[in-house]
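Student: Submitted below is the structure of interest, expressed as structure tokens.
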Amino acid sequence: MTILYRMGAAVLMAAVLVLPAQAATNIQFMFPAAVQGNLAAQMQKIVDQFNRHHPGIHVDAVFSGGYGQTLTKSTSAARVGKPPAVALESANFISDLAINGMIQPLSPLLKQAGHKPRQYMQNYWAALRPNAMVRGTVYALPFQNSTPVLYYNKALFKAAGLDAENPPQTWPQWVKDAKRLTDTKAGHWGLIIPSSNGSYLAWLLQSLSMANGGQFYNTVFPGEVYLDQPSVIGAMRFWRDLTQRYAVMPKGVTTAKAGTAEFLSGKVGMIVLSTGALGYIRSHASHFPLGVAFVPGNVRRAVPIGGGSLVMFKGISADAKKAAWTFMQWMEKPAQLARISQRRHRERPRLMS
Amino acid sequence: MMPHDRRRLVALALSSFVLLWSTPFLWMLIAAFRPSGDNVAIASLWPAFEPTIKHFASALAAGDFGQWYLNTLLVVSGILLVQLVTVSLAGYAFARLSFRGRGTLFALFLVQLLLLPPVLLVPNLQTIVNAGLYGSLAGMMAPYFASAFGVFLMRQVFRSIPRELEEAALMDGASWWQVLWHVLLPLARPGLVAFSIVSIVFHWNEFLWPLVVVNSPQRYTLTVGLASFATGAEGGNEWGMIAAGTLLVIAPLFIAFVLCQRHIVNSFMFSGLK
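Those protein sequences? They're chains A and B, same order as listed.
Each residue of the first sequence is one higher than the last, beginning at 1440 in the numbering used here.
Each residue of the second sequence is one higher than the last, beginning at 1130 in the numbering used here.
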């Protein structure tokens, strides 16, 4: 097979279109799909603006699918010697990428620019700092970060005799409210926690484990995972009980998209989704009053960081590295962050003083 | 029960299966024409009575569909043309020529069917980069120029053709390639058609490999193009536009199927595929 397609490839070499040569330093920026809307076009606009203001640099904005596909595309490219200079990767993959030696530590670049890395990170919200750092070294710049949050339907709360201004704070209250909201005859579910692999499953199990007093992995020694620890097992059991024991949540896998559609159709009392979905939910939940609350806690109240951060890949030229750093710094300016967080209703990751 | 009644019952059961199976398609058709803002009905099969073509307009405005149709057509037909040559020749070799290690080589060929495509993502990409095809449509096509499944299918098809026909041609002085071209391939046409359909549908719908190989929007295929403006990462989806965009993506295949239905079904019956 190899010989066959090498031969075919050689024949087709002639047909390859070659990109026009450019004098500026060309770098590639891979970015994943948006929460909603035509991000490819929005991102192109932002990148075009950068290119206009930086004649020596040309950034190619490359759409790369969902967060998982972005990881596949960028790391595959890196393994064959074509790494993107900059990528917007899921915040959940930063440690992986750093441990596997795929991305550059940014601390040396910060030092070169005259910053003390730890001090520089004080520009960002405290909760985002550990996620961007691996073993004390900065590896990512927070960009469009999010956390899980509880969305609820105030109309259904009132109909079930619950206080719509007082959403559940603890797991026992959560179960109690979800039971009241569940109405099998009307086809109403009390709660949905999206459980599709590759999008929400691991993130929300991590969220429940943290609320249960645990951690998904050792944050000081990343790579050590706690999946078999009581706090995580307890979280999994709680999740299972919601469908099996209390029967307040549909059985089987519920994707985030299906869950969102059901919530918006007014048939679900509560749903756990990213803060990144806020804009979409708010603009589509026009026919019932929407409530947004913290995810209930058990041993403590805690949620993991999600969304995406900017990273720089290894294996790029010194010129590309310089250009990539200029681009990352520019993307991290409050003006650009504000554009993204307004469009996508994200947290602005940076403290503005 | 009378035979007549039984037949009616079978027809009824089959029709309900057909209805069940076509639900996703029906939903897509209805969602594509449903005005937005009508969120209560997002999952409903009940059509809106004031249909709109707004979703089609915004899908066509958001993406360069003309270019993406062209790219998809080029990739799908390019792969198929090369495949038809390679699978016919290799299938013929495994079916008719006797050489040392034929069984082992064929078994090795079949082992490829056991590999999940994502496993080959990085090795294939490496080959494409080495060949200088990274980022091009040719690079998207190259790994599929040989097909283990196609070789297997054509070998079976050739073996089912009586040897006497070939022998008669050989007696008349035909060379091996004349036998292949004038005798075997015309008889193997249903097999080739069946393989072509499988190949076209697979490559038309493929997403991950095209996404990984190309970077420029000018080289997107329909699937990557649709994802670039219509998917949502964390829950939100513009269902109307996705439904309209998906209809645009599948339209050529769907129309082709409706036009050639009888031919397609016959080919599958012949080759024992489903």
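Backbone N, C-alpha and C fix where the C-beta goes; we use that ideal spot for every residue, glycine too.
Taking only three categories from DSSP, how would you classify Thr1586 (chain A)?
Tutor: Thr1586 (chain A): coil per DSSP, three-state reduction.
Student: State the Cα-Cα distance for the pair Ile1393 (chain B) and Ala1697 (chain A), rounded to the nearest angstrom.
Tutor: Their Cα atoms are separated by approximately 34 Å.
Student: In the DSSP assignment, what residue or residues form a beta bridge with Gly1730 (chain A)?
Tutor: Note: Gly1730 (chain A) sits in a beta bridge opposite A:Tyr1591.
Student: So if I threshold CB-CB distances at 7 Å, which residues from the region 1511 to 1526 of chain A count as touching chain B?
Tutor: Answer in chain order: Thr1511, Lys1512, Ser1515, Arg1518, Val1519, Gly1520 and Lys1521.
Student: Strictly below 7 Å CB to CB, what residues from chain A border Tyr1263 (chain B)?
Tutor: Lys1521, listed in chain order.
Student: For Met1688 (chain A), which of helix, strand or coil comes out of DSSP?
Tutor: Coil at Met1688 (chain A), not helix or strand.
Student: Can you have a look at Ile1631 (chain A) and say buried or exposed, based on whether 16 or more other CB atoms are within 10 angstroms of its CB?
Tutor: With 16 or more Cβ atoms within 10 Å of its Cβ, Ile1631 (chain A) is classed as buried.
Student: Quick check on this structure: which residue in A:Thr1694, A:Asp1535 and A:Phe1489 has the alpha carbon closest to the alpha carbon of Phe1660 (chain A)?
Tutor: With distances taken between Cα atoms, Phe1660 (chain A) lies closest to A:Asp1535.
Student: Taking Gly1405 (chain A) and Ala1650 (chain A) to be in contact with their CB atoms under 8 Å, please state how far apart those CB atoms are, rounded to whole angstroms.
Tutor: Shown here, chain A extends from 1440 to 1792; a query on residue 1405 (chain A) therefore has no answer.
Student: Any C-beta of chain A sitting closer than 7 Å to the C-beta of Val1341 (chain B)?
Tutor: True, the Cβ-Cβ gap to chain A drops below 7 Å.
Student: Would you kindly work out how many angstroms separate the C-alpha atoms of Trp1678 (chain A) and Asp1667 (chain A), rounded to a whole number?
Tutor: Distance between the alpha carbons of Trp1678 (chain A) and Asp1667 (chain A) is about 16 Å.
Student: If you measure from the beta carbon of Phe1502 (chain A) to each beta carbon in chain B, is any gap under 7 Å?
Tutor: Cβ-Cβ to chain B under 7 Å: yes for Phe1502 (chain A).
Student: Using alpha carbons as the reference points, say which of A:Lys1597, A:Ser1546 and A:Val1711 lies closest to Leu1644 (chain A).
Tutor: When only C-alpha atoms are compared, the closest one is A:Val1711.
Student: List, in order along the chain, the chain B residues whose C-beta lies closer than 8 Å to that of Ala1480 (chain A)?
Tutor: Near Ala1480 (chain A) (Cβ distances below 8 Å), the residues of chain B are Ala1191 and Phe1358.
Student: Grab me the residues of Met1283 (chain B)'s own chain with a C-beta within less than 8 Å of its C-beta, minus the 5 sequence neighbours each way, in chain order.
Tutor: The residues are Val1216, Ser1217, Ala1219, Gly1220, Tyr1221, Ala1224, Ala1317, Gly1320, Leu1321 and Phe1324.
Student: Reducing DSSP to helix, strand and coil, say where Tyr1198 (chain B) ends up.
Tutor: Three-state DSSP puts Tyr1198 (chain B) in a helix.
Student: If you reduce the DSSP assignment to three classes, tell me which class His1133 (chain B) lands in.
Tutor: Of the three classes helix, strand and coil, the one that applies to His1133 (chain B) here is helix, per DSSP.
Student: Given a limit of 9 Å on CB to CB distance, which residues of the region 1543 to 1559 of chain A reach chain B?
Tutor: Listed in sequence order: no entries.
Student: Hey, is Asn1334 (chain B)'s beta-carbon within less than 7 Å of any beta-carbon in chain A?
Tutor: No - not a single Cβ of chain A is within 7 Å of the one on Asn1334 (chain B).
Student: Since Glu1528 (chain A) is in the beta strand (DSSP E), which residue starts that stretch and which ends it?
Tutor: Val1525 to Ser1529 is the span of the beta strand (DSSP E), which, as asked, contains Glu1528 (chain A).
Student: Which whole-angstrom value describes the C-beta separation of Val1793 (chain A) and Ser1635 (chain A), a residue pair presumed to lie in contact below a C-beta threshold of 8 Å?
Tutor: Outside the displayed range of chain A (1440 to 1792) lies residue 1793 (chain A), so it cannot be described from this structure.
Student: What are the residues of the region 1596 to 1619 of chain A that lie near chain B, defined by any Cβ-Cβ distance shorter than 9 Å?
Tutor: For the region 1596 to 1619 of chain A, which is checked against every Cβ of chain B, not one residue is closer than 9 Å.
Student: Compute the Euclidean distance between the alpha carbons of Ser1725 (chain A) and Pro1587 (chain A), then round it to the nearest angstrom.
Tutor: One C-alpha to the other measures close to 22 Å.
Student: Note down, in chain order, each residue of its chain lying with its Cβ closer than 7 Å to the Cβ of Ala1500 (chain A), except the 5 sequence neighbours on either side.
Tutor: So the qualifying residues of the chain are Phe1468, Phe1470, Met1482, Gln1483 and Val1486.
Student: Which residues of chain A have a Cβ atom closer than 7 Å to the Cβ of Val1251 (chain B), listed in chain order?
Tutor: Correct list: Ser1515, Arg1518 and Val1519.
Student: Roughly how many angstroms lie between the CA atoms of Phe1194 (chain B) and Ala1480 (chain A), to the nearest whole one?
Tutor: Rounded to the nearest angstrom, the two C-alpha atoms are 15 Å apart.
Student: Between Val1258 (chain B) and chain A, is there a C-beta pair that is closer than 7 Å?
Tutor: So yes, Val1258 (chain B) belongs to the interface.
Student: Do His1332 (chain B) and Val1205 (chain B) have their CB atoms nearer than 7 Å?
Tutor: Against a cut-off of 7 Å, the Cβ pair of Val1205 (chain B) and His1332 (chain B) comes out as a contact.
Student: Only counting runs of 4 or more residues, tell me where the alpha helix (DSSP H) segments fall wholly within the region 1473 to 1521 of chain A, in order along the chain.
Tutor: Qualifying alpha helix (DSSP H) stretches, in chain order: 1478 to 1492 and 1506 to 1518.
Student: Using DSSP with H/G/I as helix, E/B as strand and the rest coil, what is Ser1304 (chain B)?
Tutor: If DSSP states are grouped into helix, strand and coil, Ser1304 (chain B) belongs with coil.
Student: Any beta carbon of chain B sitting closer than 7 Å to that of Leu1776 (chain A)?
Tutor: False, the Cβ-Cβ gap to chain B never drops below 7 Å.
Student: How would you call Asp1602 (chain A), buried or exposed, if buried means at least 16 neighbouring beta carbons within 10 angstroms?
Tutor: Exposed, by the Cβ-count rule.
Student: Between Gly1540 (chain A) and the rest of its own chain, which residues show a CB-CB distance below 8 Å, the 5 nearest in sequence each way excluded?
Tutor: Cβ neighbours of Gly1540 (chain A) beyond the five flanking positions: Lys1753.
Student: Would you mind sorting His1492 (chain A) into buried or exposed? The rule is 16 or more other CB atoms within 10 Å of its CB.
Tutor: Exposed, since its Cβ has fewer than 16 Cβ neighbours within 10 Å.
Student: Who are the neighbours of Asp1487 (chain A) on chain B, taking C-beta pairs under 8 Å?
Tutor: Neighbours of Asp1487 (chain A) on chain B: none; closest Cβ ~13 Å, over 8 Å.
Student: For Ile1384 (chain B), does the count of other Cβ atoms within 10 angstroms reach 16, so buried, or fall short, so exposed?
Tutor: Looking at its Cβ environment, which holds fewer than 16 other Cβ atoms inside 10 Å, Ile1384 (chain B) is exposed.
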